[in-house]
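One structure is given here, and the rest of the page talks about it.
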Amino acid sequence: MSVRFDVAAHPGALAYKLLAGLVVPRPIALVTTIDAAGVVNAAPFSFFNVMGTEPAIAVFAPADRDDGSLKDTAANLMATGECVIHVCDEPVAAPMVECARPLPPGESEVPRAGFTLAPSERVRVPRLVECPVALECRLLDSRKYGDNRFFVVEILLAHAREGVADPATWKVDYVRYAPVGRMNSPDGYARTTDRFSLRFPSEG
Ligand SMILES: Cc1cc2nc3c(=O)[nH]c(=O)nc-3n(C[C@H](O)[C@H](O)[C@H](O)COP(=O)(O)O)c2cc1C
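In structure tokens:
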């Protein structure tokens, strides 16, 4: 027996509560962007994933605010075409959440959350030193469905904290890398320290 939920008839808050609770754990993109004055904005988005590797693309979705205005991340990305996507582990999980505080445009979440900035190589947007992974990205495409905005970005360059990925083989070491995932809103998160393996099916 299953219980049915008419999602199409209840878009918005109910659909969010259900779907954002069911489709978990989600990766979290902590996205830095810059505004026209060069002020660095940082905000987390869990409607996010890597969607392909040839070219390497990621997608994330900042919904518009209730008053119809763009979130700062969306406005900055549309104006500059650049962002850096960070993946967070537990030591930076609380500062990542602090970056969700709605601040007026022009006011940076970065010092408030205690993050340190470092210059990026391929984009003008700086990256956050404390995050284990930073992906320098350029905007490929944006779409709007209702109040959802989708940004498709190309990942140009990845920075990984020493030990996280082997520079020779590019293999990731999960003993050294344990990103957190998004569970239920408003305050649920998951660890990735409890893992298991299944053999990939081979022919024959
Ligand atoms: C873990 C986490 C995940 C979030 N995911 C999203 C998301 O996918 N889409 C969205 O619109 N807001 C999301 N938010 C809320 C935004 O981070 C928040 O609205 C933020 O203030 C936007 O900042 P900005 O205006 O500087 O871009 C999330 C917040 C948290 C804490």
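Heads up, the sequence shown is in the working numbering, so the first residue is 1 and it goes up one at a time. A virtual CB, placed ideally from N, CA and C, is assigned to each residue, including glycine. The structure displayed is predicted, hence computed values, not measured ones.
Residues near residue i in its chain [Cβ-Cβ closer than 7 Å; skip 5 each side]
{"i": "L138", "result": "A small correction: the amino acid at residue 138 is Arg; Leu does not occupy that position in the sequence shown. Closer than 7 Å at the Cβ level, and outside the excluded window around R138, lie G81, E82, V123, V153, E154 and L156."}
{"i": "F47", "result": "F60 and A61"}
{"i": "A100", "result": "A43 and P44"}
{"i": "R195", "result": "Y174"}
{"i": "G163", "result": "D173 and R176"}
{"i": "V92", "result": "E130 and C131"}
Start-to-end residues for the alpha helix (DSSP H) that takes in residue i
{"i": "A210", "result": "The requested residue 210 does not occur in the structure, where the chain is confined to residues 1 to 204."}
{"i": "N184", "result": "Note, N184: premise wrong, no alpha helix (DSSP H); not H, not E."}
{"i": "L103", "result": "Taken as a continuous stretch (DSSP letters only), L103 belongs to no alpha helix (DSSP H), as it is neither H nor E."}
{"i": "A75", "result": "D72 to T80"}
{"i": "P206", "result": "The structure shown does not extend to residue 206, since the chain is modelled only from 1 to 204, so the question has no answer here."}
{"i": "P201", "result": "P201 -> no alpha helix (DSSP H), and no H or E assigned at all."}
{"i": "A113", "result": "V110 to A113"}
N-terminal and C-terminal residue of the beta strand (DSSP E) that residue i is part of
{"i": "P27", "result": "Run containing P27: none; DSSP gives neither H nor E here."}
{"i": "P119", "result": "Unbroken run through P119: none, as it is neither H nor E."}
{"i": "M51", "result": "F48 to T53"}
{"i": "R149", "result": "N148 to A160"}
{"i": "V59", "result": "A56 to F60"}
Closer than 8 Å: residue i CB and nearest ligand 2 heavy atom
{"i": "G163", "result": "Only ligand 1 can be found as ligands here, which leaves ligand 2 out of the picture."}
Distance CB(residue i)-CB(residue j) smaller than 9 Å
{"i": "A61", "j": "F45", "result": "yes"}
{"i": "D64", "j": "A74", "result": "yes"}
{"i": "R161", "j": "V133", "result": "yes"}
{"i": "L128", "j": "V84", "result": "yes"}
{"i": "G21", "j": "S185", "result": "yes"}
{"i": "A178", "j": "K171", "result": "no"}
{"i": "L135", "j": "H86", "result": "yes"}
Cβ shell of residue i (< 8 Å), same chain only, five flanking positions each side left out
{"i": "V40", "result": "T32, T33, I34, S108, V110, L117, V125 and P126"}
{"i": "A37", "result": "G106"}
{"i": "A79", "result": "D35 and A36"}
{"i": "S219", "result": "In the structure displayed, the chain extends from 1 to 204; residue 219 sits before or after that span and is not available."}
{"i": "E90", "result": "A178, V180 and R191"}
Contacts around residue i, its chain only, beta-carbon distance under 6 Å, and the 5 residues preceding and following it disregarded
{"i": "M96", "result": "L30, P44 and C88"}
{"i": "A190", "result": "P25, G181 and M183"}
{"i": "R4", "result": "none"}
{"i": "V50", "result": "A58"}
For residue i: DSSP bridge partner residues
{"i": "K144", "result": "R149"}
{"i": "V87", "result": "V133"}
{"i": "F45", "result": "A29"}
{"i": "V172", "result": "A165"}
{"i": "R138", "result": "E82 and E154"}
{"i": "V40", "result": "I34"}
Any heavy atom of ligand 1 within less than 6 Å of residue CB: hits in chain order: I28, N41, A43, P44, F45, S46, F47, A61, P62, A63, K71, D72, T73, V97, A100, P102 and R182
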